[in-house]
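In our numbering, the protein residues as written are 148 to 414.
The beta-carbon is built from N, C-alpha and C at its ideal position, and this holds for glycine as well.
Bear in mind that the values here come from a model prediction, so they are computed numbers and not experimental data.
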C-alpha cells in the first residue's frame, strides 16, 4: 500500500542500515584503490582519515587549531547571511502576498533575481561589497531572499478567500488578519522553505570562501585539495553535512513547537 506507515523502531533500523551500507561501500572502494596503489591519498583509508582528523584538530605552528578557526569563520558568515535573508525574504513575501500594488511592483524583479546563479555573480559581489564579511553575508542573503519571498507569496495566494472574509466579518483589522490568520497559516511552510534554503546557502558560502577566503571551510578544502590531502577534505565535507543537518533539525524542532497542528497533519 502506498504511504503505509511503519513503526518508529523499524524506521530507525532502516536509517542506520543505510548509513552502515554507505560506510561499507566507502571502505570497499578505498581498499580496492589501495590494492592498486598503497600510497594513494585520493580515497584515504580509515587510518589515513584518522591522521587527517588529527591534523586539523591539533595546534599548528601558530598554536591554532584549523577546525576551531574555520568553524568560527564559516559559522558567523552563515549565521548572519541566513538571518538577514530569512528576515527580508519573509517581509517581502508577506508584503507581496497581502498588498496587491506591492505584489505588482516587486514580483518581476524577485522572479528575475531568483533565476540568477549566485556563484556566477561572485564578481558582482566583489565589486559592490569587497571581499570581507559583508560580501559573504550579502551573497547568502541575496541568494535565498527570492526563493523565500516567492514561497511566502504563493502560500498566501493559496489561502482560501473565505478564511479571510470570515475574519473581516468578525471585525478583525487588516493587521489582525495578517498576524492572526495569514501568519499562522504560512509559518510552517515558511520554516520548511528555510530548511530547504540551508543547502544552497552553504553552497554559496563555500564557493566564495574557495575563491577569496583566508579562513573557513571553503578555504581549507581548496588548500588541502591542492596538496591532495583528501584525508582532511573528506572529514571537512562530513562536518559540513552534519552542520547543515543540525540546523535542519533545529528548524524542525522549532516548527514542532510553533506549529503543532502542522506536525500532526503531516504525519
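In the structure shown, what three-state DSSP assignment does residue i receive?
i           : result
residue 209 : coil
residue 414 : Note that residue 414 has pLDDT 46, beneath the 50 cutoff, so the model's placement of it is unreliable and the number below is only indicative. Looking at residue 414 - three-state DSSP - the assignment turns out to be coil, as it is neither helix nor strand.
residue 261 : coil
residue 376 : coil
residue 279 : coil
residue 405 : helix
residue 307 : coil
residue 152 : coil
residue 246 : coil
Leaving out the 5 sequence neighbours to the left and right, which residues in its chain are closer than 8 Å to residue i when beta-carbon positions are compared?
i           : result
residue 359 : 273, 278 and 282
residue 176 : 190
Quick one: residues in its chain with C-beta nearer than 7 Å to the C-beta of residue i, no 5 flanking neighbours on either side, listed in chain order?
i           : result
residue 249 : 242 and 243
residue 181 : 187 and 192
residue 395 : 342 and 345
residue 275 : none
residue 227 : 284
I believe residue i touches residue j by the beta-carbon criterion, under 8 Å. Please report the beta-carbon distance rounded to the nearest angstrom.
i           : j           : result
residue 188 : residue 195 : 7 Å
residue 402 : residue 335 : 6 Å
residue 355 : residue 280 : About 11 Å; that fails the 8 Å criterion.
residue 232 : residue 270 : Rounded, the Cβ-Cβ distance is 21 Å, inconsistent with contact.
residue 333 : residue 303 : 6 Å
residue 324 : residue 311 : 6 Å
residue 221 : residue 363 : 4 Å
residue 352 : residue 225 : 6 Å
residue 319 : residue 327 : 7 Å
residue 383 : residue 367 : 6 Å
From this set, the options, which residue's C-alpha is nearest residue i's C-alpha?
i           : options               : result
residue 298 : 409, 235, 402 and 240 : 240
residue 202 : 214, 191 and 179      : 214
residue 346 : 331, 326, 245 and 229 : 229
residue 246 : 372, 185 and 321      : 321
residue 369 : 169, 396, 155 and 217 : 217
residue 290 : 324, 331 and 341      : 341
residue 405 : 367, 330 and 164      : 330
residue 223 : 349, 167, 357 and 259 : 349
residue 381 : 164, 173, 168 and 160 : 173
Starting from the C-beta of residue i, find all residues in its chain whose C-beta is less than 6 Å away, skip the five residues before and the five after it, and write them out in chain order.
i           : result
residue 103 : Nothing can be reported for residue 103, as the shown portion of the chain is limited to 148 through 414.
residue 300 : 240, 243 and 244
residue 191 : 377 and 378
residue 96  : Residue 96 falls outside the range modelled here, since the chain spans only 148 to 414, and no answer is possible.
residue 193 : none
residue 412 : Per-residue confidence for residue 412 stands at a pLDDT of 46, beneath the threshold of 50, marking its modelled position as unreliable; no derived number is given.
residue 170 : none
residue 200 : 382
Those runs of the alpha helix (DSSP H) which lie wholly inside the segment 182-238 and span at least 4 residues: 193-204
Alpha helix (DSSP H) segments (min. 4 residues) lying fully within the segment 315-369: 330-359
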